[in-house]
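Mapping to numbering that gives the first Met the number 0: the sequence shown position 529 is 528, numbers consecutive.
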Amino acid sequence: MSDQTQPPVDQLAAASLSDAVPKHDFSDRVPIRSILARPDGGSGLAGRRARVGGWVKTGRKQGSGSFAFLEVNDGSCPMNLQVIVDSAVADLGLLVPTGTCVALEGVLKVPPEGTKQKIELRVEEVVHVGPVDPAKYPLPKTKLTLEFLRDVVHLRPKTNTISAVARIRNALAYATHTFFQKHGFLYIHTPIITTSDCEGAGEMFQVTTLISEAERVEKELIKNPPPSEAEIEAAKLLVKEKGEVVAQLKSAKASKADITASVAVLTKAKENLSRLEERFKLKPGIPQKDGKIDYDHDFFARQAFLTVSGQLQVETYACAVSSVYTFGPTFRAENSHTSRHLAEFWMVEPEIAFADLKDDMNCAEAYVKFLCNWLLDNCLDDMDFMAKNFDKTCIDRLRTVASTPFERISYTEAVELLVEAVKGGKQFENKVEWGIDLASEHERYLTEVKFQKPVIVYNYPKGIKAFYMRLNDDSKTVAAMDVLVPKVGELIGGSQREERYEVIRDRILEMGLPLDPYEWYLDLRRYGTVKHCGFGLGFERMILFATGIDNIRDVIPFPRYPGRADL
Numbered sequence: 000m001s002d003q004t005q006p007p008v009d010q011l012a013a014a015s016l017s018d019a020v021p022k023h024d025f026s027d028r029v030p031i032r033s034i035l036a037r038p039d040g041g042s043g044l045a046g047r048r049a050r051v052g053g054w055v056k057t058g059r060k061q062g063s064g065s066f067a068f069l070e071v072n073d074g075s076c077p078m079n080l081q082v083i084v085d086s087a088v089a090d091l092g093l094l095v096p097t098g099t100c101v102a103l104e105g106v107l108k109v110p111p112e113g114t115k116q117k118i119e120l121r122v123e124e125v126v127h128v129g130p131v132d133p134a135k136y137p138l139p140k141t142k143l144t145l146e147f148l149r150d151v152v153h154l155r156p157k158t159n160t161i162s163a164v165a166r167i168r169n170a171l172a173y174a175t176h177t178f179f180q181k182h183g184f185l186y187i188h189t190p191i192i193t194t195s196d197c198e199g200a201g202e203m204f205q206v207t208t209l210i211s212e213a214e215r216v217e218k219e220l221i222k223n224p225p226p227s228e229a230e231i232e233a234a235k236l237l238v239k240e241k242g243e244v245v246a247q248l249k250s251a252k253a254s255k256a257d258i259t260a261s262v263a264v265l266t267k268a269k270e271n272l273s274r275l276e277e278r279f280k281l282k283p284g285i286p287q288k289d290g291k292i293d294y295d296h297d298f299f300a301r302q303a304f305l306t307v308s309g310q311l312q313v314e315t316y317a318c319a320v321s322s323v324y325t326f327g328p329t330f331r332a333e334n335s336h337t338s339r340h341l342a343e344f345w346m347v348e349p350e351i352a353f354a355d356l357k358d359d360m361n362c363a364e365a366y367v368k369f370l371c372n373w374l375l376d377n378c379l380d381d382m383d384f385m386a387k388n389f390d391k392t393c394i395d396r397l398r399t400v401a402s403t404p405f406e407r408i409s410y411t412e413a414v415e416l417l418v419e420a421v422k423g424g425k426q427f428e429n430k431v432e433w434g435i436d437l438a439s440e441h442e443r444y445l446t447e448v449k450f451q452k453p454v455i456v457y458n459y460p461k462g463i464k465a466f467y468m469r470l471n472d473d474s475k476t477v478a479a480m481d482v483l484v485p486k487v488g489e490l491i492g493g494s495q496r497e498e499r500y501e502v503i504r505d506r507i508l509e510m511g512l513p514l515d516p517y518e519w520y521l522d523l524r525r526y527g528t529v530k531h532c533g534f535g536l537g538f539e540r541m542i543l544f545a546t547g548i549d550n551i552r553d554v555i556p557f558p559r560y561p562g563r564a565d566l
């Protein structure tokens, strides 16, 4: 662009406040996204004032130190705003280090022709500087591995990759609520602390205060030893004596004041005895009964755990208000170090009354397609970043899933296809036969090689599925379904729930589970039972599928896995 078409510098400097770019609703700054994400790249804002705030990605002095270029990002988008600061405005040495926080005010201008930027900020005032010591800053400008960033989990949101994942995760969460609200589902908050094991797997984190209470009691007993039996007897004798004194005063028809004073002394003696007896019962260690831990003394007076799923609890609402969903953290104490497992992860779990397995599959397919379209419509800049840096096929994968009908095959058909593949020379690490739980390699073969699109496998053997799944008429399979997608394999697991009281009661017993903890669940079948279904989507798996990132630890803000629970 020639100098003739650019506004003169003095004209820019004189730009009035009325020409300022609108600020964030609750902050004294203009989000960088609102400048750079415009169709014109921000060039239409040339000549207008703006105050921006963000962190320096790169900074360099130019013109023998007379001015500096800064690339500033505030997390609102993957793009950086280029700003120019003259040495007369601020100490450039404080501004250029990577990681420095700056708030800058100035005028937007179109840069010289031939530069990649469509707009830049000519700074007139440095409002704030949060300095960084480059020698100590843990995130240098060099390319950092995702493994390295897990060791600085509190700083990794400052990187391009983790901030892009955060925006994609946010978009998928927003899309999830939008989809279910649009279809008339109620959002139900299910408990994080539970006394039910939804999966029957037993790999649960226990919630207890017995250990901390035992430590407290042990310290207390060392500091203040319990009373002896002799002290207890002496206290009992004192109560007896004071009781006799009160009785004598009453029989002697003593004054009210004397009786009241004597009763007060007796009350004090009783309270002291009660305290001593309470302390006498204190024993070090975790309380036991019949050789087992006595959970009657625990916080909830019973064993409690962190939930592995909100499904059982959300079913109580499905059986009352019809269409519901829960979306929250779940926990699994599985000592696994694979790239697909976390100890804390998020699940989206809808539940639909008056619906069967076919309805369940229809809902799951519509939901996954909605998520894919949402990212394509609302997060394409971050998806472009992922395509350039992690998986060049990720955008095409989203488009394919969003536009292609999912293949639907029975479990029996799936096993037959896998057996055929083995006969044709395909080698699997896990043996293929009817009755196995399909491994990730089997799932990915079906979705990536055989059909090259998402696949829904349904009607699984009852022996590999949970007790609450509806038994089919063949008495061998249950009305379960898994949605398999390229890149991750199983994305969704769901089923039609068993609504027949006798059948589900027998299934619980058949699986060796006690009936008592599930009596409330059986009540849903005793009182107004209804055909219903639901599924669970692993939220982090959806992000893996969308972004092409390989390790699940890199798509959750604060990963928890064996040996690590930072912050």
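For every residue, glycine included, the Cβ atom is placed at its ideal position computed from N, Cα and C.
In the DSSP assignment, Asn-334 is bridged to no other residue. Around the CB of His-531, 16 or more other CB atoms lie within 10 Å, so the residue is classed as buried.
Note on the stretch 96-174: whole alpha helix (DSSP H) runs with a minimum of 4 residues are 145-148, in chain order. Sequence-distant Cβ neighbours of Ser-338 in its own chain, meaning closer than 8 angstroms and more than five residues away, are Asp-549, Asn-550, Ile-551 and Arg-552. Tyr-459 and Tyr-366 have their C-alpha atoms spaced approximately 22 angstroms apart. Cβ-Cβ separation between Ala-401 and Ile-167: approximately 15 angstroms, too far for a contact (criterion under 8 angstroms).
Cα atoms of Tyr-560 and Asp-355: separation of roughly 36 angstroms, rounded to the nearest angstrom. For the stretch 247-313, the continuous alpha helix (DSSP H) assignments of 4+ residues that do not extend past its boundaries occur at 255-280, in sequence order. Note on geometry: alpha-carbon atoms of Glu-270 and Thr-194 lie some 37 angstroms from one another. Taking Asp-565 as the centre and dropping the five residues before and after it, the same chain places the C-beta of Val-152 closer than 6 angstroms to its C-beta, in chain order. Ile-118 is positioned such that its CB atom lies closer than 8 angstroms to that of Ser-42. Around the Cβ of Leu-80, a 10 Å sphere holds 16 or more other Cβ atoms; the residue is buried. When Cβ pairs closer than 8 angstroms are counted between the two stretches, the stretch 511-526 is seen not to touch the stretch 389-397, the count staying below three.
The three-state reading of DSSP puts Ala-465 in coil, since its state is none of H, G, I, E or B.
In this structure, Leu-490 is the residue among Glu-415, Leu-490 and Val-418 with its C-alpha nearest to the C-alpha of Lys-452. Taking a 10 Å sphere around the C-beta of Val-320, we find fewer than 16 other C-beta atoms and assign the residue as exposed. When the Cα atoms are used, Phe-184 and Trp-373 turn out to be separated by approximately 19 angstroms.
Taking 8 angstroms as the cut-off, the Cβ atoms of Asp-381 and Pro-77 count as close. Burial is judged here by how many other beta carbons sit within 10 angstroms of a residue's own beta carbon; Gly-290 has fewer than 16 and is exposed. For Gln-312, the number of other beta carbons within 10 angstroms of its own is at least 16, and it is reported as buried. Counting along the chain, no beta strand (DSSP E) covers Ser-474, and no H or E run does either.
Counting of Cβ neighbours within 10 angstroms places Pro-226 among the buried residues, the total reaching 16 or more. Using a Cβ distance threshold of 8 angstroms, Leu-370 and Met-480 do not count as a contacting pair.
DSSP, read as helix, strand or coil, puts Asn-377 in helix.
Per the DSSP secondary-structure output, Arg-506 pairs with nothing in a beta bridge. Beta bridge pairing from DSSP links Arg-496 with Met-468. Each residue's CA atom was taken as its position, placing Pro-156 and Leu-148 some 9 angstroms apart. For Lys-218, the enclosing alpha helix (DSSP H) starts and ends at 209-222. Rounded to whole angstroms, Ser-75 and Pro-30 show a C-alpha spacing of 6 angstroms. Cα atoms of Cys-100 and Leu-209: separation of roughly 46 angstroms, rounded to the nearest angstrom.
At a Cβ-Cβ threshold of 8 angstroms, Leu-91 and Val-82 do not count as neighbours.
Rounded to whole angstroms, the Cβ separation of Leu-341 and Ile-191 is 15 angstroms, and the two are not in contact under 8 angstroms. Annotation: Gly-535 to Gln-287 spans about 38 angstroms, alpha carbon to alpha carbon. Across the set Lys-255, Glu-228, Glu-230 and Ser-261, the C-alpha of Ser-261 shows the shortest separation from the C-alpha of Val-244. Taken in chain order, the complete alpha helix (DSSP H) segments of 4 residues or longer contained in the stretch 25-64 are 31-35.
Collapsing the DSSP output to three states places Gly-92 in a helix.
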